[in-house]
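Trainee:
In this note's numbering, the protein residues as written are 98 to 212.
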């Protein structure tokens, strides 16, 4: 079930401002009893679907076309003919533990406190 859809013409000023309506609405859905056809409906967030720039913004990460933009591994991009290019195909994979500790330097663009 789709709960909320957000869109806009410009990038929001802050992630807190952008996500506040979603968090408030979602918290209400989780706290209050919702019935549909006589059955209780439980809500949980299973996925956030977003294009690449929005996903990076929501996660507080460098965008895909930045030097530290690879979501899967620690390769660092270089500027080649006006584009960021990733040449190291053998870089180590990012781990959940290191990600949560924000150990990837420039890959993280904001500090999260919800881990």
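In this text, a Cβ means the ideal position worked out from N, Cα and C, and glycines have one as well.
In three-state DSSP terms, what is residue 191?
Mentor: Sequence index remark: in the chain shown, residue 191 carries index 94 (1-based). Of the three classes helix, strand and coil, the one that applies to residue 191 here is coil, per DSSP.
Trainee: Under three-state DSSP, which class holds residue 155?
Mentor: Indexing the chain shown from 1 puts residue 155 at position 58. Helix at residue 155.
Trainee: From what residue to what residue does the beta strand (DSSP E) around residue 176 run?
Mentor: If you number the chain shown from 1, residue 176 lands on position 79. First-last of the beta strand (DSSP E) with residue 176: 175-177.
Trainee: Once DSSP output is grouped into helix, strand and coil, what is the label at residue 212?
Mentor: Translated into positions along the chain shown, residue 212 becomes position 115. Its pLDDT being 43, under 50, residue 212 is placed unreliably in this model, and the value from its coordinates should be taken loosely. In the structure shown, residue 212 sits in coil (DSSP, three-state: anything other than H, G, I, E or B).
Trainee: Buried or exposed: which applies to residue 166, given that a residue is buried once 16 or more other Cβ atoms fall within 10 Å of its Cβ?
Mentor: One-based indexing of the chain shown puts residue 166 at position 69. Result: buried.
Trainee: Please report the straight-line C-alpha distance between residue 201 and residue 176, rounded to a whole angstrom.
Mentor: For this step, residue 201 is matched to residue 104 along the chain shown. For this step, residue 176 is matched to residue 79 along the chain shown. Roughly 20 Å between the two C-alpha positions.
Trainee: Quick check: residue 153 and residue 164, are their CB atoms within less than 8 Å of each other?
Mentor: Counting from one through the chain shown, the residue named residue 153 turns up at place 56. Counting from one through the chain shown, the residue named residue 164 turns up at place 67. Their beta carbons are not under 8 Å apart, which means residue 153 does not touch residue 164 by this criterion.
Trainee: Mark residue 174 as exposed unless 16 or more other C-beta atoms lie within 10 angstroms of its C-beta, in which case mark it buried.
Mentor: What you label residue 174 is simply residue 77 of the chain shown in a count that begins at 1. The residue in question, residue 174, is buried, as its Cβ has 16 or more Cβ neighbours within 10 Å.
Trainee: For residue 191 versus residue 169, is the C-beta distance shorter than 8 Å?
Mentor: Reading the chain shown from its first residue, position 94 is the one you call residue 191. Reading the chain shown from its first residue, position 72 is the one you call residue 169. In this structure, residue 169 lies closer than 8 Å to residue 191 by Cβ.
Trainee: Identify, in the order they occur along the chain, each residue of the same chain with its Cβ nearer than 6 Å to the Cβ of residue 138, setting aside the five sequence neighbours on each side.
Mentor: Sequence index remark: in the chain shown, residue 138 carries index 41 (1-based). So the list reads 131, once near-sequence residues are dropped.
Trainee: Please look up how many angstroms separate the CB atoms of residue 171 and residue 149, rounded, as I've assumed it's under 8 Å.
Mentor: The count along the chain shown starts at 1 and reaches residue 171 at position 74. The count along the chain shown starts at 1 and reaches residue 149 at position 52. So it is not a contact: roughly 19 Å between Cβ atoms.
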